[in-house]
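J.:
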Amino acid sequence: VIAQQITAQKIMQNLKEQFDVIQDYTVSLDIKPNIERFNTKEMKLRLYYKQPNKVHIESKGFVMIPRQLFESNPAQLLSKFDPILIETKKENNKTIYELRLLSKPEKNRPTMENYVTIDGDRWVILKIQAIPAEGRSIEISFEYMNVDNKYMLPSMMNATFNFGSNEDPVAKMKGFKGMPTKGTVQI
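Shown next, in the form of structure tokens:
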């Protein structure tokens with residue numbers, strides 16, 4: 547028997563089907579930022595999600611979290627990116643797929659490149675690495691828990707960013723240290 551080769555498109559479709567069973571949820575989040583040049587405290591917020599991709603965030607006070615961090619609907623990824631299967635491997639008895647996502651062509655927009663690691667047994671995203679520009683990167687890793695023996699939902703997210711050198715010579719002359727170039731956020 548010859549094993550059928552899975553395609554990147556089929557992997558993304560399986561991921562989407564797993565995600566589509568989740569109609570809505572509400573979760574309380576504890577956010578622990580560690581961002582260079584920012585004295586930020588731990589934050590608490592409440593996130594509301596409803597299909598197809600509606601996200602609402604409530605918090606007491608100011609929260610600086612990119613909304614895109616919570617918008618990881620595979621249908622959105624499929625509409626914006628073309629997937630390419632890079633590697634299939636076994637890791638801790640799990641099938642792991644590594645995909646490269648290239649943004650679909652848009653007029654006057656540079657091509658964006660992302661990498662996604664997918665658990666092919668549970669059909670969940672383990673890691674997303676975005677490379678928005680040369681010398682910059684954002685990596686988000688996920689841990690999951692099974693809810694009601696039916697839903698695989700993230701129980702932990704770790705985001706790490708590195709924006710390389712972000713020197714502003716005018717700001718430096720005035721004593722301002724500039725924008726942060728690296729940091730982590732644990733959710």
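Using this note's numbering, the letters of the sequence shown map in sequence onto residues 547 to 733. All C-beta atoms in this analysis are idealised placements derived from N, C-alpha and C, irrespective of residue type, glycine included.
Is it buried or exposed for ASN660, if we count other Cβ within 10 angstroms and need 16 for buried?
T.: buried
J.: What does DSSP give as the partner residue(s) for GLN675 in the beta ladder?
T.: TYR661, GLU685
J.: Helix, strand or coil for PRO620? Go by DSSP, reduced to three states.
T.: helix
J.: Quick one: what does DSSP say ASP566 is sitting in, helix, strand or coil?
T.: helix
J.: Starting from ILE630, follow its DSSP beta bridges and name the residues at the other end.
T.: Residue pairing of ILE630 in beta bridges, as defined by DSSP: ARG646.
J.: Could you work out which residue in ASN704, ASP694, GLN555 is closest to PRO629 when comparing CA atoms only?
T.: GLN555
J.: Pull up the distance between the alpha-carbon of GLN564 and that of ASN585, whole angstroms please.
T.: 38 Å
J.: Per DSSP, LEU591 is paired with what?
T.: For LEU591, which the question treats as bridged, DSSP gives the partners LEU575, SER605.
J.: Tell me which residues share the same chain as THR572 and place their Cβ nearer than 8 Å to its Cβ, disregarding the 5 neighbours each side in the sequence.
T.: ARG592, LEU593, TYR594, TYR595.
J.: Using the beta-carbon count (16 or more within 10 Å), is ASP665 buried or exposed?
T.: It counts as buried.
J.: With a 10 Å radius around its C-beta and 16 neighbouring C-beta atoms as the bar for buried, classify VAL693 as buried or exposed.
T.: By the neighbour-count rule (16 or more Cβ atoms within 10 Å), VAL693 is not buried but exposed.
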